Amino acid sequence: MDQTSKKPGRLRQMRVVAIRPRGSPREQPPPPPARVEEQERSAFPEVPVPFASLDLPVPILKSLEAMGYGQATEVQARAVPLARAGRDLIVESRTGTGKTTAFGIPLVETIDAGRPQVQALVLCPTRELSVQVADELGRLGQLSGVKVLAIYGGDSMARQIDGLKRGAHVVVGTPGRILDLLGQKVLRLNTVRFLVLDEADRMLDMGFEREVKQILDQVPKDRQTLMFSATIPSAIEAIASKYQRDPERLMLSQDALYVTGVQHLFCILSRMGKDAALYRLIEYESPASSMIFCNTRAETRTVHNFLALRGLPVAMISSDLPQKKREQVMRRFKSKALKHLVATDVAARGIDIEDLSHVFIYSTPDSSDQYIHRAGRTGRIGKTGRVISLVSAFDLMNFNRLVRANHLKAYEIDVPSDEEVARRKVRRIVDTLKEQAARLTEEERAEYEAMAQGILDDADRLAIVGYLLKTHFEEEAARSVLDETAAAGDAETDTAPRAAAGGGGHESGRAPYHASRPGQGHAVPGGEQGPPGSGRRRRRRRRRGGQGGGSHGGHGGGHGPAGGSGSDAA
């Protein structure tokens with residue numbers, strides 16, 4: 392029997408949460424939930440609230456409209472008025488609820504664009520989150536003349552220093568690089584009036600508590616301080632009591648994770664069958680986009696290579712991937728050139744992907760907070776999603792503990808068999824061809840139906856249809872590669888968000904990557920693509936040939952003159 396779908400009977404006696412009593416029929420998962428705004432949600436009684444009703448300045452309203460934001464989420468509707476009134480805030484809100492805009496609106500409003508000084512500071516746990524927050528704030532403050540600068544390890548320090556000299560109003564960054572620039576006296580915080588700690592719980596989990604406190608000690612005491620976090624552990628409470636002034640508390644996480652349109656599913660399987668089980672689940676579910684979470688970098692590489700060898704458009708990010716390549720991978724993932732992203736918790740922290748349909752949890756996390764952060768990648772701001780955990784026999788008790796701690800309704804599913812996967816793929820093929828056939832004109836339909844009838848009357852009709860399908864999907868695959876190559880060209884010439892209203896920005900890496908050829912899979916840029924070591928040998932030959940200092944000009948891996956802060960996790 393297939394190891395991936397076999398479940399020893401004794402395991403069924405161990406299940407204590409969301410698992411049927413022994414001998415009773417398995418409870419079937421409900422159908423995919425409707426969009427969240429169509430459900431009855433007592434936790435969100437005032438949503439949606441039009442931004443126009445919040446009495447915001449015209450430039451901010453126009454920026455929100457240009458960004459496609461017409462209605463405020465709950466965290467925005469509740470936090471913005473309090474923050475605009477000058478209150479310090481502690482906001483417990485899950486990822487994907489619109490919290491960047493929640494603090495971005497009052498932040499932009501407090502900036503005096505005529506003063507070329509750092510007036511607001513946003514601390515983030517990771518590079519990716521820093522880039523995303525800077526992008527959001529840049530767009531939000533563009534019409535107000537607000538300049539936003541992202542500062543993080545792995546990017547050129549020279550460019551960041553230049554951005555500060557150009558008069559950035561808002562600095563968004565990771566604690567390590569912020570401290571680096573403070574130590575060099577090129578960043579001064581004595582003019583900061585607005586401070587935000589974003590993803591505060593994760594920042595402390597990653598060991599930044601000392602760095603955060605060092606930074607807070609250098610910011611004027613009469614500032615306004617906002618803390619946003621998915622959970623509020625005791626360490627967060629301690630920081631709040633020391634560095635905030637009578638903060639208003641908005642506890643929005645308790646119910647938000649569980650009423651959103653997310654299904655929590657799990658399957659129990661042999662440790663040796665995890666890779667095959669994951670591949671079958673992906674093939675069966677056919678997600679529009681997915682993130683696959685692993686606990687270690689070694690697992691990330693193993694899972695990525697396994698899926699890439701089977702032709703899936705997949706990439707990975709981990710702390711050992713150079714920053715420029717990480718940014719390149721994220722641009723490809725967001726543009727849908729890649730469908731699947733394998734990541735560790737640290738590497739994925741702060742990644743904000745709209746319409747992520749699936750999260751696959753390859754390795755059971757150690758804490759309930761980690762599960763919340765992983766599951767929070769999907770079902771964002773009213774969307775639906777599925778979270779599927781692959782649970783080994785060794786992880787079963789830990790998984791049950793996570794389910795209990797988060798009060799989840801989790802449903803057990805079987806790993807689909809090869810036959811079930813094949814049937815589902817055939818159904819998708821038929822549906823796709825039906826959609827394409829519906830686009831035929833009347834004349835085309837009559838012509839091709841006559842051809843089809845001739846094929847059906849032939850004794851070798853199955854072989855002929857099989858050949859036509861093979862040709863069709865080979866052409867589709869080739870077209871997909873061309874699209875990805877075009878996306879690669881865009882990625883090479885694209886830049887990460889610069890400072891809004893000109894100046895104070897940062898450039899992303901432009902290292903080229905090579906699209907996979909049909910049948911080779913899609914390897915991570917700069918990773919295991921092509922013959923082992925081939926790219927390395929070519930680069931060495933170019934350097935020996937005296938191509939002129941390209942490898943010594945400070946561009947390798949995106950590190951600036953001073954390297955980068957070793958304390959910034961990736």
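Under this note's numbering, read the sequence shown as residues 392 to 961, first letter to last. Glycine included, every Cβ here is placed at the ideal spot set by N, Cα and C. All figures in this text were calculated on a predicted structure; none of them were measured in a lab.
Review point. Per DSSP, ARG795 is paired with what?
Key: As a first step, residue 795 is located in the sequence shown; it is residue number 404 there, counting from the start. According to DSSP, which records beta bridges pairwise, ARG795 is partnered with nothing at all.
**Study point:** CB contact flag (LEU586, MET594, <8 Å)
**Key:** The residue labelled residue 586 in the question sits at position 195 within the sequence shown. The residue labelled residue 594 in the question sits at position 203 within the sequence shown. Cβ atoms of LEU586 and MET594: not closer than 8 Å.
Check your understanding: Based on Cα-Cα distance, which residue from PRO472, GLU465, TYR460, MET458 lies nearest to ASP446?
Key -> As a working mapping, residue 446 is identified with position 55 in the sequence shown. Of the candidates PRO472, GLU465, TYR460, MET458, the one whose C-alpha sits nearest the C-alpha of ASP446 is PRO472.
Review point. For SER632, does the count of other Cβ atoms within 10 angstroms reach 16, so buried, or fall short, so exposed?
Key: The residue given as residue 632 occupies position 241 in the sequence shown. Label assigned to SER632: exposed.
Exercise for review: Pick out the complete beta strand (DSSP E) segments inside the segment 567 to 602, 3 residues or longer, and give them in chain order.
Suggested key: DSSP runs (the beta strand (DSSP E)) wholly in the segment 567 to 602: 585 to 588.
Review point. Considering VAL817, what are the terminal residues of the alpha helix (DSSP H) in which it resides?
Key: Taking the sequence shown and counting its residues from 1, the one referred to as residue 817 is at position 426. The continuous alpha helix (DSSP H) containing VAL817 extends over residues 809 to 828.
Point to revise | Residues bridged to HIS655 (per DSSP) | key: Position 264 of the sequence shown, counted from the start, is the residue given in the question as residue 655. The partner list for HIS655 (beta bridge, DSSP) reads VAL778, ALA801.
Check your understanding: From MET788 to SER709, what does the alpha carbon distance come to, in whole angstroms?
Key -> Reading the sequence shown from its first residue, position 397 is the one you call residue 788. Reading the sequence shown from its first residue, position 318 is the one you call residue 709. Approximately 28 Å between the Cα atoms of the pair.
Check your understanding: What are the partner residues of LEU528, as DSSP defines its beta bridges?
Key -> As a position in the sequence shown, residue 528 is number 137, starting the count at 1. Its beta-bridge partners do not exist; DSSP assigns none.
Practice item. For LEU607, I'd like the list of residues in its chain whose CB is within less than 6 Å of its CB, leaving aside the five on either flank, ordered along the chain. Key: Residue numbering aside, residue 607 sits at position 216 when the sequence shown is read from its first letter. Result list for LEU607: TYR634, in chain order.
**Study point:** Nearest residue (CA-CA) to GLY536, options GLU527, ALA525, TYR543, GLY505
**Key:** The residue labelled residue 536 in the question sits at position 145 within the sequence shown. Closest option to GLY536, Cα to Cα, is GLY505.
Practice item. Go to ALA706, then tell me how far its beta strand (DSSP E) extends in each direction, as first and last residue. Key: Residue mapping note: residue 706 aligns to position 315 of the sequence shown, counting from 1. From DSSP, the beta strand (DSSP E) with ALA706 extends over 705 to 708.
Review point. Does the Cβ-Cβ distance between ALA668 and VAL778 come in under 8 Å?
Key: Stepping through the sequence shown from its first residue, residue 668 is reached at position 277. Stepping through the sequence shown from its first residue, residue 778 is reached at position 387. Their beta carbons are not under 8 Å apart, which means ALA668 does not touch VAL778 by this criterion.
Check your understanding: Tell me which same chain residues have a C-beta within less than 6 Å of the C-beta of PHE790, skipping the five on either side of it?
Key -> Mapped onto the sequence shown, residue 790 falls at position 399. Hits under 6 Å: THR755, VAL782.
Practice item. With DSSP collapsed to three states, give me the class of ARG765. Key: Locating residue 765 in the sequence shown gives position 374, counting from the first residue. If DSSP states are grouped into helix, strand and coil, ARG765 belongs with the helices.
Check your understanding: DSSP state of VAL562, grouped into three classes?
Key -> Looking up residue 562 in the sequence shown gives position 171. Correct three-state label for VAL562: strand.
Exercise for review: State the CB to CB distance for the pair VAL653 and GLY770, rounded to an integer number of angstroms; the pair is presumed to be in contact (CB under 8 Å).
Suggested key: Locating residue 653 in the sequence shown gives position 262, where the first residue counts as 1. Locating residue 770 in the sequence shown gives position 379, where the first residue counts as 1. The pair is a contact, with the Cβ atoms about 4 Å apart (cut-off 8 Å).
Exercise for review: Could you name the residues that DSSP lists as bridge partners for SER620?
Suggested key: Residue mapping note: residue 620 aligns to position 229 of the sequence shown, counting from 1. Beta-bridge pairing links SER620 to GLU483.
Practice item. Excluding the 5 residues preceding and the 5 following GLY917 in the sequence, name in chain order all residues of the same chain whose CB lies nearer than 6 Å to its CB. Key: Within the sequence shown, numbered from 1, the residue matching residue 917 stands at position 526. The predicted model places GLY917 with a pLDDT of 34, which falls under 50 and marks its position as unreliable, so this point remains unresolved.
Point to revise | Same chain, Cβ closer than 6 Å to GLY459, neighbours up to 5 away in sequence not counted | key: The residue you call residue 459 lines up with position 68 of the sequence shown. Counting only Cβ-Cβ distances below 6 Å, and skipping sequence neighbours, we find nothing.
Exercise for review: Would you mind sorting GLY936 into buried or exposed? The rule is 16 or more other CB atoms within 10 Å of its CB.
Suggested key: Mapped onto the sequence shown, residue 936 falls at position 545. Confidence in GLY936 is poor, its pLDDT being 44 and thus under 50, which makes the residue's placement unreliable; the coordinate value appears in the next sentence. Exposed, since its Cβ has fewer than 16 Cβ neighbours within 10 Å.
Exercise for review: Would you kindly work out how many angstroms separate the C-alpha atoms of HIS764 and ASN797, rounded to a whole number?
Suggested key: What you label residue 764 is simply residue 373 of the sequence shown in a count that begins at 1. What you label residue 797 is simply residue 406 of the sequence shown in a count that begins at 1. Their backbone Cα atoms lie some 12 Å apart in a straight line.
Check your understanding: Cβ atoms of ASP760 and SER592: under 8 Å apart, would you say?
Key -> The residue labelled residue 592 in the question sits at position 201 within the sequence shown. The residue labelled residue 760 in the question sits at position 369 within the sequence shown. A small correction: the amino acid at residue 592 is Asp; Ser does not occupy that position in the sequence shown. Cβ distance < 8 Å, so ASP592 and ASP760 count as in contact.
Review point. Which full runs of the beta strand (DSSP E) of 3+ residues lie inside the segment 488 to 518, going along the chain?
Key: 511 to 514
Review point. To the nearest angstrom, how far is it from the Cα of LEU707 to the Cα of ILE744?
Key: The residue you call residue 707 lines up with position 316 of the sequence shown. The residue you call residue 744 lines up with position 353 of the sequence shown. According to the sequence provided, residue 707 is Met. The question's Leu does not apply to it. Computed Cα separation, rounded: 15 Å.
**Study point:** Rounded separation between THR492 and LEU573 - CA only
**Key:** Position 101 of the sequence shown, counted from the start, is the residue given in the question as residue 492. Position 182 of the sequence shown, counted from the start, is the residue given in the question as residue 573. So the alpha carbons of these two residues sit roughly 27 Å apart.
Review point. Do you know how far the Cα of GLN467 is from the Cα of VAL449?
Key: On the sequence shown, position 58 is the one that residue 449 refers to. On the sequence shown, position 76 is the one that residue 467 refers to. One C-alpha to the other measures close to 17 Å.
Check your understanding: Could you give the residue range of the alpha helix (DSSP H) that holds PHE697?
Key -> Translated into positions along the sequence shown, residue 697 becomes position 306. Unbroken alpha helix (DSSP H) run through PHE697: 688 to 700.
Practice item. State yes or no: is the C-beta of VAL750 within less than 8 Å of the C-beta of VAL733? Key: To locate residue 750, count along the sequence shown from 1; it is residue 359. To locate residue 733, count along the sequence shown from 1; it is residue 342. For VAL750 and VAL733, no; Cβs fall outside 8 Å.
Check your understanding: In terms of DSSP beta bridges, what is GLU835 paired with?
Key -> Locating residue 835 in the sequence shown gives position 444, counting from the first residue. Beta-bridge pairing links GLU835 to no other residue.
Check your understanding: Is ILE552 helix, strand or coil by DSSP?
Key -> Here residue 552 refers to the residue found at position 161 when the sequence shown is read from its first residue. Look at ILE552 here: in three-state DSSP terms it is helix.
Exercise for review: Could you spell out the range, first to last residue, of the beta strand (DSSP E) harbouring VAL471?
Suggested key: Within the sequence shown, the letter at position 80 stands for residue 471. That residue, VAL471, is in no beta strand (DSSP E); its alpha helix (DSSP H) goes 465 to 475.
Review point. What separation, rounded to the nearest whole angstrom, lies between the Cα atoms of THR964 and GLU465?
Key: A question about residue 964 goes unanswered here, because the residues of the chain that appear run from 392 up to 961.
Check your understanding: Does DSSP put LEU660 in a helix, a strand or coil?
Key -> For this step, residue 660 is matched to residue 269 along the sequence shown. Of the three classes helix, strand and coil, the one that applies to LEU660 here is strand, per DSSP.
Review point. How far does the beta strand (DSSP E) with PHE785 in it reach, from first residue to last?
Key: Taking the first residue of the sequence shown as position 1, residue 785 is located at position 394. Per DSSP, PHE785 belongs to no beta strand (DSSP E) and is neither H nor E.
Review point. Looking at the structure shown, is ASP851 part of a helix, part of a strand, or coil, going by DSSP?
Key: Position 460 of the sequence shown, counted from the first residue, corresponds to residue 851. It is coil, neither helix nor strand.
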